[in-house]
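Notes follow once the structure below has been shown.
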DNA sequence: AAGTAACCTTGACGCACGTCAAGGGCTACT
DNA sequence: AGTAGCCCTTGACGTGCGTCAAGGTTACTT
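Residue numbers (the numbering used here), protein chains in the order written: chain A, 130 to 370; chain B, 130 to 370.
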């Protein structure tokens with residue numbers, strides 16, 4: 130299950146050439162600053178489905194940026210129950226919650242073949258004191274992270290939560306240049322349900338109801354949003370952005 | 130309801146003299162750095178019960194540190210329903226979620242007479258590039274914020290959520306030098322319930338059950354924890370820290 | 001000291017959603 | 001091509017907790 134395939138890819142795609150630059154860590158950096166950032170970024174070979182980047186309780190040394198695919202971060206409570214804290218799309222960071230405790234709180238697991246960039250945190254910190262634009266972007270991304278964590282807690286009913294979840298995916302994929310109405314749900318229903326604190330059966334039933342109500346069409350992992358406005362209204366709107 | 134009483138207190142208590150220094154922004158700063166930080170901190174006269182520090186949608190300019198009392202941060206969804214995102218004790222920061230969107234997402238409201246220090250964010254940012262220890266502390270605090278926001282989402286049943294809530298309060302008060310077993314719940318049941326996404330009646334019933342089971346004793350705002358271990362087990366433990 | 005309003009408690013009731021169980025459809029491996 | 005195993009769906013059932021309603025306490029006001 131665990132694996133540490135930290136082999137540096139021979140064909141390392143630098144930030145300056147990476148299509149995710151406009152979303153990821155380098156936002157707001159000029160060419161010179163980006164070149165400096167590139168010196169501390171390490172690329173990894175891809176993780177296979179269900180392989181983990183790090184495990185809960187391991188000492189913290191790096192944060193990660195998704196290069197391709199999707200990762201989930203998972204915590205396990207005292208009773209052994211798993212809870213999926215979040216899903217991470219290309220250009221998003223994970224591991225930030227480990228900075229304060231200096232150890233990983235969650236485990237990070239690949240959903241399908243996926244790859245990351247690793248960034249040594251100590252080096253990142255010292256670089257950030259030299260590059261105000263980088264410091265600014267880090268603060269901004271962490272603030273965003275706080276906000277998204279809070280947003281989940283606002284939603285009450287099951288349909289509100291699921292509608293909100295679909296909308297955040299839609300928004301995030303759109304920002305990445307993908308369609309915001311046709312989405313490939315890589316994660317199984319069980320994972321969606323777990324993340325939203327509900328039963329997989331409920332997810333299934335709600336998808337069916339949403340489909341009957343003309344909000345969307347779904348077949349397995351292939352989701353098409355038909356009525357975006359109605360979905361937003363269901364979600365209580367706050368999930369946009 | 131709203132009020133902007135930003136009069137600088139004549140008896141401004143500097144960070145170096147403030148008892149909260151060991152928890153708040155100045156953690157890890159030496160005397161010289163702290164003196165620099167003090168130059169950008171502004172103190173306010175106290176807010177009365179239910180007065181707001183800022184309102185949702187207002188432009189972001191400052192973050193805040195609680196000096197005394199308690200504040201709650203509140204978001205209002207599209208349907209006009211309020212949701213309490215968090216309670217903030219002395220030495221804790223709020224307003225961090227406004228950095229990314231550059232406007233306040235929530236409103237911050239005093240629970241009883243309470244006071245804050247305001248810190249201009251632009252000045253804080255430029256100071257942080259000069260003081261690595263300050264930058265480090267900011268990253269650390271924001272990471273902690275991410276973590277606490279996530280922790281709420283892990284809890285499932287109502288008793289788990291309430292037990293977890295009591296425990297986080299206990300831990301946070303202990304860190305502040307107060308008792309971790311005798312807690313004054315300034316916030317009304319309704320606010321606790323709202324924050325935990327449950328009905329006030331449920332909070333009332335659970336408190337009674339916890340009391341019958343010998344976990345705690347509670348009368349109005351006066352809470353005594355009797356069996357800490359049992360509470361932790363109920364909460365699924367993760368809430369310690 | 002009396003009046004009023006907010007807060008808390010308690011009970012009765014109903015529903016949303018979790019749990020349990022069974023069946024159907026992909027995908028994958030041999 | 002056949003079979004095994006997961007994933008998803010669908011139904012039946014139970015229950016945790018929300019909602020509604022009423023009564024009791026405490027705190028603030030004049």
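From the three backbone atoms N, C-alpha and C, an ideal C-beta is built for every residue, glycine too. A quick note: this is a predicted structure, and the numbers were derived from the prediction, not measured.
- Under the three-state reduction of DSSP, residue 325 of chain B is assigned to coil, being neither helix nor strand.
- Taking all protein chains shown into account, residue 151 of chain A has fewer than 16 neighbouring C-beta atoms within 10 Å of its C-beta and is therefore exposed.
- Flagged as an interface residue toward chain A: residue 257 of chain B, by a C-beta distance shorter than 8 Å.
- Taken in chain order, the complete beta strand (DSSP E) segments of 3 or more residues contained in the stretch 200–280 of chain A are 211–217 and 236–249.
- When rounded, the separation of the alpha-carbon atoms in residue 157 of chain A and residue 361 of chain A is 31 Å.
- Residue environment analysis places residue 178 of chain B among the exposed positions, since fewer than 16 neighbouring C-beta atoms fall within 10 angstroms of its C-beta.
- Nearest CB-CB separation between residue 265 of chain A and chain B: below the 8 Å threshold.
- For the stretch 165–196 of chain A, the set of positions with a beta-carbon nearer than 9 Å to some beta-carbon of chain B is empty.
- Between the stretch 171–188 of chain B and the stretch 232–247 of chain B there are three or more C-beta pairs closer than 8 Å, enough to call the two in contact.
- Going by DSSP, residue 180 of chain B is part of no alpha helix (DSSP H) at all; its letter is neither H nor E.
- For the stretch 285–299 of chain B, the beta-carbon criterion of a distance under 8 Å to any beta-carbon of chain A is satisfied by 285.
- Taking a cut-off of 8 Å for Cβ pairs, the stretch 303–316 of chain A and the stretch 273–288 of chain A do not touch, as fewer than three such pairs fall below it.
- Here DSSP, grouped into helix, strand and coil, assigns residue 167 of chain A to helix.
- Our two residues, residue 281 of chain A and residue 204 of chain B, have alpha carbons roughly 12 Å apart in a direct line.
- Within the same chain, and ignoring the five residues on either side of residue 352 of chain A in sequence, the residues whose Cβ sits closer than 8 Å to its Cβ are 295, 311, 312, 313, 314, 345 and 346.
- Residue 190 of chain B and residue 225 of chain B have their C-alpha atoms some 11 Å from each other.
- Between the C-alpha atoms of residue 216 of chain A and residue 233 of chain B there is a straight-line separation of about 25 Å.
- Bridge pairing for residue 192 of chain A: A:248 [DSSP].
- Per the C-alpha coordinates, the member of A:320, A:289, A:207 and A:350 positioned closest to residue 213 of chain A is A:320.
- In terms of CA proximity to residue 306 of chain A, A:219 leads the group A:208, A:219 and A:356.
- Residue pairing by DSSP places residue 315 of chain A in no beta bridge whatsoever.
- When Cβ-Cβ separations below 8 Å define contact, residue 322 of chain A makes no contact with chain B.
- Excluding five sequence positions before and after residue 167 of chain A, the CB atoms of its chain that fall closer than 6 Å to its own CB belong to 143 and 144, given in chain order.
- Of all alpha-carbon atoms in B:309, B:293 and B:292, the one lying nearest the alpha-carbon of residue 300 of chain B is that of B:309.
- Beta bridge pairing from DSSP links residue 348 of chain B with B:351.
- Residue 274 of chain B has a beta carbon lying within less than 8 Å of a beta carbon in chain A.
- Looking from the CA of residue 188 of chain B, the closest CA among B:249, B:343 and B:277 belongs to B:249.
- The Cβ-Cβ distance between residue 192 of chain B and residue 268 of chain A does not fall below 8 Å.
- The DSSP-derived three-state label of residue 333 of chain A is helix.
- Interface annotation, residue 208 of chain B: in contact with chain A, CB-CB separation under 8 Å.
- By the rule that beta-carbons nearer than 8 Å mark a contact, residue 351 of chain B does not touch chain A.
- Of all residues in the stretch 232–250 of chain A, the ones placed with a Cβ closer than 7 Å to any Cβ belonging to chain B are 234, in chain order.
- In this chain, the alpha helix (DSSP H) harbouring residue 299 of chain B covers 287–304.
- With respect to residue 340 of chain A, residue 258 of chain B sits apart: the two C-beta atoms are not nearer than 8 Å.
- Around the beta carbon of residue 146 of chain B, fewer than 16 other beta carbons sit within 10 angstroms, so the residue counts as exposed.
- The three-state reading of DSSP puts residue 150 of chain A in helix, counting H, G and I together.
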